[in-house]
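J.: So that you can map any letter, position 82 of the sequence shown is 148 in the numbering used here, and since no number is skipped, the others follow by simple counting.
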Amino acid sequence: MADIDSRGGRTYFDKLILEWVDGVHHPHDAGLEYAFAAPGIHGMPAIQVGRAEGALIAMLLRLANARKVVEVGTLAGYSTIHLARAVGPEGHVWSVEYDTKHAGVARDVLRSAGVDDRVTVVEGAGVEMLPTLEEHGPFDAVFIDADKVNYDRYGRWAARNLRPGGLLIGDNVFLFGRLLEDGDDAVAMRRFHEDAREHFDTACVTTPDGLLVGVKRLPPA
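(1) Assuming R199 is part of the beta strand (DSSP E), what are its boundary residues?
(2) Using a threshold of 8 Å, state whether the C-beta atoms of G280 and L241 are closer than that.
(3) Can you say whether R117 is buried or exposed, counting buried as having 16 or more other CB atoms within 10 angstroms of its CB?
(4) Inspect the beta-carbon positions of V171 and M110 and report whether they are closer than 8 Å.
(5) Could you check if D183 is buried or exposed, using at least 16 other CB atoms within 10 Å of its CB as the buried criterion?
(6) Quick one: what does DSSP say F242 is sitting in, helix, strand or coil?
(7) Where does T198 land, buried or exposed, given buried means 16+ other C-beta within 10 angstroms?
(8) Which residues mark the beginning and the end of the alpha helix (DSSP H) in which R219 is found?
(9) Look up V187 in the DSSP assignment and say whether it is helix, strand or coil.
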């Protein structure tokens, strides 16, 4: 159930509640702990997904029996570990990262977590590198957490290259509170929402940053 306040945008958690919930439901082993800390250690922005989001994304991939997954935006590899563990030893993740330093840190993080054998870190801009991955498709899931101004392009690529029933997941889809503004990134993000709804059965989960989840519709009978 919800009450009037929660429907109006009020939340019922704070930092202490989140920390307690994370400790109960989203514990870190050594691999995840290093990955979560790696941005601070290596002077990178600490903008990785939250612990709950990482666990949720991994759960969705397991429910979809995903084996071939594309990630747009590796950062230090925290979300990538969740993806790699979800696909299992028979699966593979192609993770696209624009920044060379970030890609190098991610490779080290993935080795430390013992999943580097099932991940290919692809260096380069997402709009340029995604077409090079199409030979490995169709894919079971695409996770987008990268430059917001290109979310609409990434979403359209996913619609073309996911199998029917495949998952589209996009983080930061509230655009840090700027979704309804006039900037190029806001326009692109709204297109991402609208295009996703055209090709997928969708839900926008009201995490702090907004998480769009879509299942690609089956072709007409």
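Glycine is no exception: its CB is placed at the ideal position from the N, C-alpha and C atoms.
T.: Once the coordinates are examined:
(1) Looking at the sequence provided, one finds Leu at residue 199 rather than Arg. That residue, L199, is in no beta strand (DSSP E); it is neither H nor E in DSSP.
(2) no
(3) buried
(4) yes
(5) exposed
(6) helix
(7) exposed
(8) Y217 to N227
(9) strand
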